[in-house]
Amino acid sequence: MSQASSPTHQRTFAQRLRKNYIGWLFIILSVLGISLFYFYPMVQAFLLSLQSGMGSSLEYVGFDNYVRLFNDPTFITALTNTILYLLIQVPVMIVLALVFSVLLNDPTLKFKGFFRTAIFLPAVTSLVAYAVIFKYLFGNDGLVNDFLLGMNIISSPIAWLSDPFWAKITIIIAITWRWTGYNMIFYLSALQNVDKSMYEAARIDGASAMQQFFFITIPLLKPIILFTSIVSTIGTLQLFDEVMNITSGGPGNSTMTISMYIYNLSFEYTPDFGYAATVSYVILILVVILSFIQFRVAGDRD
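Offset between the sequence shown (1-based) and our numbering: plus 120.
Given below as structure tokens:
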């Protein structure tokens with residue numbers, strides 16, 4: 121019995137082994153690419169963060185760079201600004217994207233294609249181009265001030281780009297304008313796969329549009345909301361282009377972000393690649409912590 125089954129068992133094992141080899145052949149290039157372009161640079165960046173200086177002048181300083189973070193007022197300002205953008209812009213953008221997706225999912229709405237394209241279009245617009253346009257729109261003599269003055273909403277032009285408070289507001293408006301449509305597409309795609317009978321049953325039971333939104337739409341979109349929240353959080357923590365092109369981090373350092381500070385440490389100030397790598401690891405740590413918190417709040421333990 122065992123002798124008769126042994127060749128069959130060997131053939132089964134050989135087939136399984138061959139299938140495993142074929143599977144590895146399909147993914148080996150991806151594994152090598154990820155290891156080479158993601159994990160290896162991460163390890164090298166960590167080793168670099170334990171040094172100070174640049175090029176041949178690099179010297180090992182251990183964790184002194186990480187201690188230096190707590191005594192660096194420019195870093196603390198950049199961190200505070202980045203967290204402020206995150207806490208204000210991401211929730212506003214997620215809510216707006218949800219509202220737009222629900223409105224544009226209405227089968228009775230006319231010109232839906234036009235509105236969807238118009239709201240999504242900023243996401244595919246050149247970062248530099250739209251940042252420059254915002255810089256002109258929100259200038260002292262820009263269209264925004266002209267409109268507000270013409271409507272008698274303000275009595276004098278707002279210093280959108282030269283006042284620390286209004287400069288932050290301008291950055292928040294810019295990134296919200298750009299990325300709301302991007303998140304809206306995810307919600308809209310998910311809503312189109314929802315069984316319409318659920319909403320019909322809710323309407324028959326007397327549920328209002330607001331009740332349908334909170335008790336049907338939000339729970340059904342929970343996984344997509346979690347995904348877009350994490351992606352938006354990572355993108356905001358890496359915010360650079362808008363700040364660089366609209367305010368250049370000013371006035372002073374009032375709008376500087378962590379990514380812009382990394383750029384300045386590497387190319388604008390006296391180059392210190394070791395300390396710049398240390399600051400970059402702060403972004404990684406924040407991404408891990410905030411993503412974990414979002415998973416816990418969402419109740420997703422998988």
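By construction, the Cβ of each residue, glycine as well, lies at the ideal position given by its N, Cα and C atoms. Because the structure is a prediction, the values reported are computed rather than measured.
In the three-state reduction of the DSSP assignment, Tyr389 falls in the coil class.
The segment 333 to 395 is shown to contain whole alpha helix (DSSP H) runs of 4 or more residues at 342 to 357, 378 to 383, in chain order. Phe220 and Thr300 do touch by the CB rule: their CB atoms are close to 7 Å apart, below 8 Å. For the segment 187 to 215, not one full-length alpha helix (DSSP H) segment reaches 4 residues or more. If you look at Asp266, you'll find it in the alpha helix (DSSP H) that goes 263 to 270. Per DSSP, the unbroken alpha helix (DSSP H) holding Met318 starts and ends at 316 to 324. By a beta-carbon distance limit of 8 Å, Pro277 does not contact Asn303. Their separation comes to about 32 Å. Within the same chain, Cβ atoms closer than 7 Å to the Cβ of Ile305 are found at Phe240, the five residues on either side in sequence being excluded. Here Ser169 carries a helix assignment [DSSP, helix/strand/coil]. The residues Arg298, in chain order, have a CB closer than 8 Å to that of Thr245 in the same chain once the five nearest residues on each side in sequence are set aside. For Tyr180, DSSP records a beta bridge to Gln171.
In this structure, the alpha-carbon of Leu199 lies about 26 Å from that of Ala217.
DSSP places Gly233 in the uninterrupted alpha helix (DSSP H) bounded by 232 to 240. Assigned with DSSP and collapsed to three states, Trp297 falls in helix.
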